[in-house]
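Numbering (this note's numbering), first residue to last: 108 to 351. Glycine residues also receive a C-beta, built at the ideal position from the N, C-alpha and C atoms. In this text, all values refer to a predicted model and were calculated from it rather than measured experimentally.
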């Protein structure tokens with residue numbers, strides 16, 4: 108696989124190597140590597156991982172952690188093989204180190220499948236599936252950026268917009284939230300006519316679940332990466348709505 112090479116470890120705390128998840132869990136990356144390009148995760152999408160799943164971990168420049176997954180063949184091209192995490196996120200996962208090693212060792216010695224031993228031979232049984240979730244079960248708390256706006260990463264986009272609009276119930280993913288509000292009586296407006304309280308949904312993203320933001324008069328919340336909440340070139344504006 109065409110993986111992104113990690114930077115040389117430059118004194119950042121942590122030991123690079125192969126690690127194992129002690130329990131089923133969710134990972135919320137700051138960004139992922141798709142098609143050799145870094146793509147942000149403005150919606151705070153989580154990726155489900157499995158107990159005893161082994162991953163390669165590299166501590167890279169800038170205080171970030173590069174995690175390489177061993178995917179089953181069925182997920183290649185659909186699920187990112189590499190995730191970029193904050194050190195805070197890495198610490199939350201409580202991974203157990205298995206050995207030193209690199210992504211190449213991971214691919215050489217592990218598969219993306221649950222295995223069973225029959226007559227002394229290991230056989231593939233079932234692919235480890237990695238599911239995306241827009242609303243993480245982890246229950247992230249809110250954090251604020253330097254301007255006091257709700258920042259992505261501490262809570263995903265859907266839960267942030269639910270909180271800001273008072274929406275309860277099933278909103279769908281980020282791409283569908285504006286339509287869900289429209290069904291509750293919100294009116295559709297153009298992006299250029301947005302005003303405080305406008306909610307805009309975008310389609311796209313490495314996960315296909317889109318993004319949603321609440322406009323505060325200057326920026327969309329949640330913000331991420333120091334910007335004003337617009338998710339970037341890999342997303343397409345779907346709909347904007349405002350309370351009638």
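Our contact map puts residue 150 next to residue 264 with C-beta atoms below 8 Å; I'd like the distance itself, whole angstroms only.
Position 43 of the chain shown, counted from the first residue, corresponds to residue 150. Position 157 of the chain shown, counted from the first residue, corresponds to residue 264. The pair is a contact, with the Cβ atoms about 4 Å apart (cut-off 8 Å).
With 16 as the cutoff for other CB atoms within 10 Å, does residue 349 come out buried or exposed?
Translated into positions along the chain shown, residue 349 becomes position 242. By the 10 Å Cβ count, residue 349 comes out buried.
What residue does the alpha helix (DSSP H) around residue 253 start on, and which one ends it?
For this step, residue 253 is matched to residue 146 along the chain shown. Careful: residue 253 lies outside any alpha helix (DSSP H) and carries neither H nor E.
Let's see if you can read the secondary structure: which residues bound the alpha helix (DSSP H) around residue 195?
Within the chain shown, residue 195 is the residue found at index 88, counting from 1. 194-200 is the extent of the alpha helix (DSSP H) around residue 195.
Run of the beta strand (DSSP E) containing residue 138, from where it starts to where it stops:
As a first step, residue 138 is located in the chain shown; it is residue number 31 there, counting from the start. It spans 138-141 - the beta strand (DSSP E) in which residue 138 sits, taken as one unbroken run.
For residue 201, count the other beta carbons within 10 Å of its own beta carbon; 16 or more makes it buried, fewer makes it exposed. Which is it?
As a working mapping, residue 201 is identified with position 94 in the chain shown. Its Cβ having fewer than 16 others within 10 Å, residue 201 is exposed.
With 16 other Cβ atoms within 10 Å as the buried cut-off, status of residue 242:
Walking along the chain shown from the start, residue 242 turns up at place 135. It counts as buried.
Does DSSP put residue 305 in a helix, in a strand, or in coil?
Position 198 of the chain shown holds residue 305. Coil.
Restricting to runs no shorter than 3 residues, where is the beta strand (DSSP E) found entirely within the segment 257-326?
294-296, 306-311, 318-322
Does the distance from the CB of residue 141 to the CB of residue 179 come in under 9 Å?
Here residue 141 is taken as the residue at index 34 of the chain shown, counted from 1. Here residue 179 is taken as the residue at index 72 of the chain shown, counted from 1. No, Cβ-Cβ distance for residue 141 and residue 179 is not below 9 Å.
For residue 148, does the three-state DSSP call read helix, strand or coil?
Here residue 148 refers to the residue found at position 41 of the chain shown. Reduced to three states, the DSSP call for residue 148 is coil.
Pick from 347, 259, 266, 308: whose alpha carbon is nearest that of residue 137?
Mapped onto the chain shown, residue 137 falls at position 30. It is 259 whose Cα lies nearest to the Cα of residue 137.
Taking Cβ to Cβ, would you say residue 171 is nearer than 9 Å to residue 194?
The residue given as residue 171 occupies position 64 in the chain shown. The residue given as residue 194 occupies position 87 in the chain shown. Yes, the pair counts as a contact, with Cβ atoms nearer than the cut-off.
With residue 206 and residue 125 assumed to form a contact (beta carbons below 8 Å), what rounded beta-carbon distance in angstroms separates them?
Taking the first residue of the chain shown as 1, we reach residue 206 at position 99. Taking the first residue of the chain shown as 1, we reach residue 125 at position 18. Between residue 125 and residue 206 the Cβ distance is about 5 Å, and since that is below 8 Å, they are a contact.
Less than 6 Å between C-beta atoms, sequence neighbours within five positions excluded: which residues of the same chain meet that for residue 129?
Working through the chain shown from its first residue, we reach residue 129 at position 22. Only 203 meet the Cβ criterion.
With burial defined as no fewer than 16 other Cβ atoms inside 10 Å of the residue's Cβ, what is the status of residue 173: buried or exposed?
On the chain shown, residue 173 is found 66 positions in, with the first residue counted as 1. Its Cβ being crowded by 16 or more others within 10 Å, residue 173 is buried.
Using 8 Å as the Cβ pair cut-off and three pairs as the minimum, do the segment 306-317 and the segment 331-345 touch?
yes
If you count every other CB in all the chains shown that lies within 10 Å of the CB of residue 298, and 16 or more means buried, which is it?
Taking the first residue of the chain shown as position 1, residue 298 is located at position 191. Exposed is the call here.
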